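One structure is given here, and the rest of the page talks about it.
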Amino acid sequence: DAKTTQPPSMDCAEGRAANLPCNHSTISGNEYVYWYRQIHSQGPQYIIHGLKNNETNEMASLIITEDRKSSTLILPHATLRDTAVYYCIVRVRGTGGFKTIFGAGTRLFVKA
Amino acid sequence: NAGVMQNPRHLVRRRGQEARLRCSPVKGHSHVYWYRQLPEEGLKFMVYLQKENIIDESGMPKERFSAEFPKEGPSILRIQQVVRGDSAAYFCASSPPRGDSGNTIYFGEGSWLTVV
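Chains A and B supply the protein sequences, listed in that same order.
Under our numbering, think of the first position of the first sequence as 5, with each following residue one higher.
Under our numbering, think of the first position of the second sequence as 256, with each following residue one higher.
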């Protein structure tokens with residue numbers, strides 16, 4: 005089972021920041037938080053990941069709370085092409101190593 | 256998607272036939288993962304392989320499905336005697352060898368199987 009909870013859907017106006025929350029209250033100290041997105045009919049696309057510190061790359065920023073029980077993915081200037089399902093993931097230890105388990109994600113609608 | 260190649264992209268099979276889906280990981284990646292996505296549903300983990308070894312197959316259906324990742328060549332997901340319920344998108348992902356949870360996996364564009 006996924007170790008994260010996310011709202012099922014969100015709207016955002018084009019050009020505005022999209023802030024997608026995620027709860028991961030059972031995260032362990034050495035487990036990373038990952039974000040992927042899936043645009044319709046495409047493969048999941050890696051966005052960003054982090055452990056404790058906030059992270060930023062060309063796609064997004066990741067803000068992790070100090071207690072690490074929640075995080076927020078920020079798309080600074082959302083465009084229509086950012087409409088997708090966004091997945092927040094904490095990898096699960098399985099047989100022989102970690103595996104990436106997807107929850108239901110947040111369906112982000114960016115509106116003109 | 257960082258170079259994971261899947262083929263065929265689209266495959267049509269009649270009920271009872273076999274489907275073989277291939278996945279070439281990113282160069283240098285020795286770990287491969289397969290996922291299935293049924294229409295209008297989420298991604299479900301199927302199997303995790305390293306070269307010549309199945310590491311975790313907890314998500315694989317017990318019958319008709321098998322996966323391999325030989326020493327040479329792509330990973331293969333094989334579905335025998337396909338049924339209509341196997342119609343789905345099958346995604347492959349790969350990662351380099353790394354033991355902790357901070358090991359990013361990269362996905363291919365998927366193979367869409369339609370069973371008629």
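Ideal Cβ positions, reconstructed from N, Cα and C, are used throughout, including at glycine.
Predicted model only: the values in this text are computed from it and were never measured.
Query - Member of P48/A, A6/A, V37/A, L112/A whose CA lies at the smallest distance from the CA of G365/B - result: P48/A
Requested in this report: Indicate whether at least one CB of chain A lies closer than 8 Å to the CB of F324/B.
Outcome: no
Query raised in the report: I think L112/A touches Y90/A, with their Cβ atoms under 8 Å apart; what is that distance to the nearest whole Å?
Result: 6 Å
Query raised in the report: Hey, is F346/B's beta-carbon within less than 8 Å of any beta-carbon in chain A?
Result: yes
Query raised in the report: Exposed or buried, which one is E35/A when buried takes at least 16 other CB atoms within 10 Å?
Result: buried
Query raised in the report: CB T104/A to CB R95/A, shorter than 8 Å?
Result: yes
Requested in this report: Can you give me the Cβ contacts of T69/A inside the same chain, cut-off strictly under 6 Å, excluding the 5 residues immediately before and after it?
Outcome: none
Requested in this report: Could you tell me the boundaries of the beta strand (DSSP E) in which I67/A lies?
Outcome: 65-68
Query raised in the report: Which of helix, strand or coil does DSSP assign to D86/A?
Result: helix
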